[in-house]
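Trainee: My structure is below; once you've seen it, I'll send some questions.
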Amino acid sequence: MDRTERLLNLVALFLDATAPVSLDDVRDAFPDEYGGTEDASQRKFERDKAELYELGIPLVWAQATDEQDAGYTLDRNEYYLPEPGLTPEELAVLYAAGSAALASGAFPGQQDLAHALRKVGFFADGPLPAAHVRLELSGSGGDVKELPARLETLWAAINTKKYVDLDYFSPHSRTVTSRRVDPYGLALRRGVWNLVGWCHLRKELRTFHVSRIRSVRMNTAKPRVADFTVPADFKVDDHVASWPWEHRLHAPVEVVVSLTGELVPLGRQLFGVEPTHEGEQARVTVAATNLDGLLTYVLSLGAGARVQSPADARARVVELAQRVLAAHTPAGGAP
Amino acid sequence: MSYTLAFERLRRLLFLVPFVSKHPGLTVDEVAKAVGCSKQDLLEELDLLTLVGRPPFQPDDYIDIYVEDDRVYLDLDQRLSAPPRLTAAEGVALAAAAALLKPSSGGALSSALAKLEKVLPPQAMARYREMARALDVSADGPDSLATISQAILEHRELELEYVSVGKGDREQRRVRPLELFSHRGQWYLQAFCLTRNGERLFRVDRIGAVTLTDTTFPEPEGSTRQVPGSSSEKPVKVRFAPELASWQQERFGDAASLQADGSLVVTVPGDSERWLTRWVLSFGGNATVLEPEWAIRAVAEAALASLQSA
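Just so you know, the sequences run in chain order A and B. Just so you know, our numbering puts the end of the first sequence at 366, numbered straight through with nothing missing. Just so you know, our numbering puts the end of the second sequence at 399, numbered straight through with nothing missing.
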């Protein structure tokens with residue numbers, strides 16, 4: 032009997048049981064499967080029980096009472112997926128999001144997502160609507176083909192708290208370094224996957240672009256024992272830049288940007304913070320840890336966006352614009 | 090997550106039995122598609138299932154599932170009448186996918202998620218919360234995604250305030266939304282614009298206020314899929330300074346050509362002059378347009394305009 036068949040038989044046995052099932056009962060039901068010494072069959076049963084638990088099937092030990100002997104039970108009400116009562120609209124939008132992520136080619140937990148969608152659709156009466164939402168995450172450059180597999184490895188390592196050994200390409204130094212990382216979490220920003228983790232090489236929390244990882248190996252020793260713990264106050268978002276000025280290159284500088292004309296209603300969308308309004312203008316204040324990142328971004332918004340303060344930031348914008356102008360002016364001539 | 094083959098197989102079988110029980114008489118192909126495996130794999134799974142049962146293993150104690158005339162039937166499910174609940178990992182994967190579309194309170198997506206959390210097994214909740222903390226996609230898209238996706242799925246017209254940055258116009262548009270997609274980290278809405286009477290591509294981060302109307306429209310017949318910049322008739326050549334070369338090479342991949350002096354030359358679409366000039370400005374002098382002449386001039390003028398306003 033193969034393992035899958037044995038586990039299915041166990042599920043059938045427990046779903047049908049009206050009283051707690053002892054290990055002796057299990058051995059009697061499957062003498063060929065749980066033979067050998069009592070110790071050996073106990074360990075085998077424990078492994079099977081753990082695998083069923085992973086599948087969402089908890090076998091729970093019930094103490095002996097006056098009415099019945101001790102043994103394992105499976106609560107049928109906790110086993111069966113109840114009808115979640117989704118409206119057709121809710122089901123459609125959930126399905127659209129899930130299908131888009133699944134088809135994106137690079138979303139961690141692909142198999143889990145596929146199963147979840149099947150289960151969610153189980154109670155649907157008619158066919159599910161076509162999604163009309165598309166997400167391209169596989170990107171370009173780097174080892175595109177390897178991205179999905181690397182995401183799965185990282186996601187597995189994060190969830191089992193096992194360290195990973197990475198070969199990581201730095202576009203800054205154009206070199207590949209090998210390092211050990213305790214992976215804490217993944218974040219998607221602007222279509223790019225980031226890994227946040229404790230870097231053993233640098234001895235600090237670091238953020239890595241998953242597309243720059245050239246190889247990843249998860250520690251396979253003692254798979255059920257965690258290699259590290261994640262600090263209780265850890266938040267992935269605190270370590271990932273959503274905007275170009277959030278890369279941590281220097282101490283934060285508070286910069287005020289004013290918006291005029293058609294940019295006025297877009298303050299929140301363009302800078303991620305609530306703007307204040309003064310007459311025809313909107314103002315946003317951001318803390319930049321990569322000042323040039325903010326200033327080139329402001330420049331790219333055109334004449335409707337201006338840096339108000341501090342003074343050296345204003346001077347730097349002028350300098351950057353002059354560099355662009357110089358690069359696009361023929362020698363000795365006006366544009 | 091990478092699971093063992095036995096695990097994946099078991100998970101599939103625990104879905105397959107209740108699925109056939111609920112939908113008897115579907116073709117082998119339909120069932121294979123619904124459970125996510127090949128026809129050959131499905132037939133092997135059905136063979137295995139005939140061996141599954143419970144003590145005392147009398148004929149009626151086995152799962153009775155069979156194929157007749159290319160259709161799958163089930164007579165005895167041995168109480169496998171519904172799939173198991175979502176595992177913590179399945180719940181998190183679904184919640185993360187939903188987070189991509191920015192569930193807003195009161196919207197269909199967030200009420201769907203709330204209902205799903207209720208059917209997670211109680212013993213999986215702690216693990217679900219812990220895993221959810223490690224996967225963060227919520228900050229990736231604009232807030233209006235939830236409303237727009239709802240409109241697409243329910244075929245409802247949208248009123249939107251659209252600002253094309255640089256052009257200097259802020260307009261009210263009425264559109265029939267067709268498709269939402271994310272390309273290179275940017276969200277776009279493909280829609281039939283009733284104001285302009287034609288299909289248009291809108292950048293979602295340029296959409297201001299958006300209102301869902303009660304006017305519905307018929308299911309559109311296969312709209313044309315557009316990818317921004319996929320068909321450019323006005324190619325523009327841009328050179329990146331050596332210090333930016335490897336970052337940009339990562340982005341452009343094989344389309345970029347590395348020069349002997351360490352700089353990198355790429356070709357980008359110049360169909361939108363505004364986009365081009367803004368994009369070049371965003372590199373603060375480390376990107377230079379090489380040709381054609383009109384593009385060089387346009388960037389110089391944009392830089393001058395910024396200098397005058399600064």
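In this text, a Cβ means the ideal position worked out from N, Cα and C, and glycines have one as well.
Take residue 189/A and list the residues in its own chain whose beta-carbon comes closer than 8 Å to its own, dropping the five residues that flank it on each side.
Mentor: Excluding residues within five positions, the ones whose Cβ falls inside 8 Å are 214, 215, 216 and 217.
Trainee: Is there at least one Cβ from chain A nearer than 7 Å to residue 382/B's Cβ?
Mentor: Output row for residue 382/B: interface = no.
Trainee: Using a Cβ-Cβ distance under 7 Å, would residue 187/B count as near chain A?
Mentor: Residue 187/B counts as touching chain A.
Trainee: Interface residues of chain A around residue 285/B at Cβ under 8 Å?
Mentor: Neighbours of residue 285/B on chain A: none; closest Cβ ~18 Å, over 8 Å.
Trainee: Determine the direct distance from the alpha carbon of residue 365/B to that of residue 95/B, and round the result to whole angstroms.
Mentor: Near 53 Å, if we compare the C-alpha coordinates of residue 365/B and residue 95/B.
Trainee: Which residues does DSSP list as the beta-bridge partners of residue 282/B?
Mentor: Beta-bridge pairing links residue 282/B to 264/B and 287/B.
Trainee: Which term fits residue 324/B, buried or exposed, when burial requires 16 or more other beta carbons within 10 angstroms of its beta carbon?
Mentor: It is exposed - the Cβ of residue 324/B has fewer than 16 other Cβ atoms within 10 Å.
Trainee: So is residue 379/B buried or exposed if we call it buried at 16+ other beta carbons inside 10 Å?
Mentor: So residue 379/B ends up on the exposed side.
Trainee: Please report how far the alpha carbon of residue 203/A lies from the alpha carbon of residue 342/B, in whole angstroms.
Mentor: Cα to Cα, residue 203/A sits roughly 17 Å from residue 342/B.
Trainee: Sorted by chain position, which residues of the same chain lie with C-beta nearer than 6 Å to residue 193/B's C-beta, five sequence neighbours on each side aside?
Mentor: Excluding residues within five positions, the ones whose Cβ falls inside 6 Å are 235.
Trainee: Against chain A, does residue 360/B count as a neighbour if the rule is that its beta carbon must be under 7 Å from one of theirs?
Mentor: Answer no: the Cβ-Cβ gap between residue 360/B and chain A never drops below 7 Å.
Trainee: According to DSSP, is residue 296/B part of a helix, a strand, or is it coil?
Mentor: Three-state result, residue 296/B: strand.
Trainee: Could you please give the first and the last residue of the uninterrupted alpha helix (DSSP H) stretch that includes residue 242/A?
Mentor: Residue 242/A -> no alpha helix (DSSP H), and no H or E assigned at all.
Trainee: Using alpha carbons as the reference points, say which of 145/B, 179/B, 203/B and 264/B lies closest to residue 118/A.
Mentor: Of the candidates 145/B, 179/B, 203/B and 264/B, the one whose C-alpha sits nearest the C-alpha of residue 118/A is 203/B.
Trainee: Suppose contacts are defined by Cβ-Cβ distances below 7 Å. Is residue 192/A in contact with residue 250/A by that definition?
Mentor: Contact: no.
Trainee: Identify the contact partners of residue 204/B in chain A, using a Cβ-Cβ distance below 8 Å as the criterion.
Mentor: Near residue 204/B (Cβ distances below 8 Å), the residues of chain A are 115, 116, 117 and 121.
Trainee: Look at the alpha carbon of residue 124/A and the alpha carbon of residue 266/B, and state the distance between them as a whole number of angstroms.
Mentor: Cα to Cα, the separation comes out at about 14 Å.
Trainee: So what's residue 192/A in DSSP terms, helix, strand or just coil?
Mentor: In the structure shown, residue 192/A sits in coil (DSSP, three-state: anything other than H, G, I, E or B).
Trainee: At a CB-CB cut-off below 7 Å, which residues of chain B make contact with residue 199/A?
Mentor: The contacting residues do not exist; residue 199/A stays about 13 Å from chain B at best.
Trainee: Between the region 294-309 of chain B and the region 235-251 of chain B, are three or more C-beta pairs nearer than 8 Å?
Mentor: Flag = yes, the region 294-309 of chain B and the region 235-251 of chain B touch.
Trainee: Any beta-carbon of chain A closer than 7 Å to the one on residue 302/B?
Mentor: No, residue 302/B does not count as interfacial toward chain A.
Trainee: Kindly list, in the order they appear in chain A, the residues whose Cβ is closer than 8 Å to that of residue 92/B.
Mentor: Residues of chain A passing the Cβ test: 142.
Trainee: For the region 33-50 of chain A against the region 167-174 of chain B, are there 3 or more C-beta pairs whose distance is under 8 Å?
Mentor: Result yes; three or more Cβ-Cβ pairs closer than 8 Å.
Trainee: Using alpha carbons as the reference points, say which of 274/A, 356/A and 312/A lies closest to residue 339/A.
Mentor: When only C-alpha atoms are compared, the closest one is 312/A.
Trainee: How long is the line joining the alpha carbons of residue 327/B and residue 234/A, rounded to whole angstroms?
Mentor: If I take the Cα positions, the gap works out to 39 Å.
Trainee: Which residue wins for smallest C-alpha separation from residue 336/A, given the options 261/B, 398/B, 97/B and 339/B?
Mentor: Checked all of 261/B, 398/B, 97/B and 339/B; the closest Cα to residue 336/A is 398/B.
Trainee: Would you give the residue range spanned by the beta strand (DSSP E) that residue 156/B belongs to?
Mentor: It spans 153-157 - the beta strand (DSSP E) in which residue 156/B sits, taken as one unbroken run.
Trainee: Quick one, which residues of the region 199-225 of chain A are near chain B if we go by CB-CB under 7 Å, in chain order?
Mentor: So the close ones are 202, 205, 215, 216, 217, 218, 219, 220, 221, 222 and 223.
Trainee: Could you spell out the range, first to last residue, of the alpha helix (DSSP H) harbouring residue 257/A?
Mentor: Element bounds for residue 257/A: n/a, residue is neither H nor E.
Trainee: Where does the unbroken beta strand (DSSP E) through residue 91/A begin, and where does it stop?
Mentor: Start and end: 91-93.
Trainee: Quick one: give me the first and last residue of the beta strand (DSSP E) that residue 218/A is part of.
Mentor: Run containing residue 218/A: 206-220, per the beta strand (DSSP E) assignment.
Trainee: What residue range does the beta strand (DSSP E) around residue 286/A cover?
Mentor: Element bounds for residue 286/A: 284-290.
Trainee: If you count every other CB in all the chains shown that lies within 10 Å of the CB of residue 146/B, and 16 or more means buried, which is it?
Mentor: So residue 146/B ends up on the exposed side.
Trainee: Can you grab the Cα-Cα spacing for the pair residue 354/A / residue 387/B, in whole Å?
Mentor: Between residue 354/A and residue 387/B, the C-alpha separation is close to 15 Å.
Trainee: Kindly give me the distance between the Cβ atoms of residue 184/B and residue 228/B, rounded to whole angstroms, as I take these residues to be in contact under 8 Å.
Mentor: At roughly 15 Å, the Cβ-Cβ gap does not stay under 8 Å, so residue 184/B and residue 228/B are not in contact.
Trainee: Counting pairs of beta carbons, one from the region 154-166 of chain B and one from the region 112-119 of chain B, are three or more of them closer than 8 Å?
Mentor: Segments in contact, yes.
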